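The sequence shown begins at 1070 in the working numbering and counts up one residue at a time.
Note that CB positions come from ideal geometry on N, CA and C, so glycine has one too.
Note that the structure is predicted; figures quoted are calculated from it, not measured.
Have a look at the structure below before the remarks.
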Amino acid sequence: MISVDSGIAQGEPARIWANGLRRAGFGLAAMGLAMAGQLAVVMPAHAQDTVQELRLRKVEAEVHALERQVFPGGDTKFFPQDNAAPPPAPPPVGTPATTPMTDVLTRMDAVEAQVAHLTAQYEELSNHLRLLDERLSAIAPVAPAPVAVSTPAPVAVAAPAPAPARAPAVPALSDPAKPSAQRIAAVRAVVKPVSGDPGEDDYQYGFKLWQAKLFPESEQQLKLFLGRYPRHPRVGYGRYLLGRALLDDGKPHDAAEVFLQNYDADRHGPRAADSLLYLAAAMVDLKDVNHACIALGEFADNFKPDAARRLKAPYDEIRSLVVCN
């Protein structure tokens, strides 16, 4: 009895332990199933959060793109630019103000400005000379016209008239039959200078004859000087003085031709102003007021210093002889 009971008693705890193990196994299985269920629930929730995050980022990117289209160039404080360039770095200390290429371009600009200024001056001077040529061309052809007006003879007769007037003047010294003894003595009283320059001596001799009012002899001597020394520095003086001798000798037609020739030869020469002024005087003698006024206008425009000082007296005198508009 005792052994049986004790066997039973001894076998009871083992049964109880086995049942406990079965219950514990069932509980663990249930706990495993519960955890698996929770993991099954948590993992889709985590995947769902990731998808939501991606969609949210996509929406934000689309909103930023829409902002850039609606507000182009907007304030970067409120609308930041995704691709905005970084601010430029400050220049390092000691950087030169300009580069060599900048200096070269600056100098080229200065040179181009100077060339443009010189071109404008050249065009202005060319235009002025063209206008002067046109006005002088109006003076040149008038020489024969006053002779025909002042001389009642026909034009055919008036054309060769100056030739006989000039012919006696050239051989005046070579023909002893025409000049009087008194005139020969007056010519001999004028001594020809001897300076070692034959051209200068011939000019000075013609000038002294003109000073002595021996106009035909002065004409002859000055023509001789111009024919012998066409490149002498005194050529401009000689032509002007020949015109004065012809004008003083009562030959305004021939004088006008010589004055105009001298002015055209060198309009900036030492006697260009004098030639233009006395061209006006010759036109006055020829009763050609229109061209006299043209010559006076050219003189006043181009030779203002001479009109105000050196040639003021003859200019005022000639100007008083005509009425110009």
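Three-way DSSP call (helix, strand, coil) for residue i in this model
i, result
"R1300", "coil"
"A1182", "helix"
"T1168", "coil"
"H1337", "coil"
"L1355", "coil"
"V1173", "helix"
"V1239", "Summary for V1239: the model assigns pLDDT 37, below 50, so the residue's position carries little reliability, and this model does not support an answer."
"V1391", "coil"
"L1194", "helix"
"R1313", "helix"
"D1318", "coil"
"L1293", "helix"
"L1380", "coil"
"A1225", "Confidence at A1225 is low in this model, with a pLDDT of 37, below 50, so the placement of that residue is unreliable and no value is reported for it."
Limits of the unbroken alpha helix (DSSP H) element including residue i
i, result
"N1331", "1321-1334"
"R1252", "1250-1258"
"D1375", "1373-1377"
Pick from the options that is closest to residue i, judged by C-alpha positions
i, options, result
"A1369", "D1357, K1356, P1383", "P1383"
"V1304", "L1174, Q1330, A1185, L1390", "Q1330"
"D1335", "D1323, M1177, P1302", "P1302"
"D1375", "A1341, L1198, E1192, T1168", "A1341"
"L1316", "G1268, P1169, L1283", "L1283"
"A1324", "G1338, D1354, P1339", "D1354"
"R1308", "R1176, H1322, V1327", "V1327"
"P1248", "P1285, S1264, G1268", "P1285"
"R1379", "P1339, M1177, S1287", "P1339"
"E1269", "Q1290, A1255, L1187, I1253", "Q1290"
"A1314", "Y1347, A1250, R1199, V1120", "Y1347"
"Y1298", "D1271, W1279, F1276", "D1271"
Residue burial classification, residue i (beta-carbon count within 10 angstroms, cutoff 16)
i, result
"K1320", "buried"
"Q1273", "buried"
"P1169", "exposed"
"A1189", "exposed"
"E1367", "buried"
"G1265", "exposed"
"P1240", "Interpretation of P1240 is limited by its pLDDT of 38, a score under 50 that renders its predicted location unreliable; the figure taken from the coordinates is listed afterwards. Under this definition P1240 is an exposed residue."
"R1388", "buried"
Proximity test, residue i beta-carbon vs the ligand HEM heavy atom, cut-off 7 Å
i, result
"Y1384", "In the structure shown, the ligand HEM is absent, as is every other ligand, since no ligand is present at all."
Problem set entry | 4-residue-minimum alpha helix (DSSP H) runs that sit fully inside the region 1260-1286, ordered along the chain | 1267-1280
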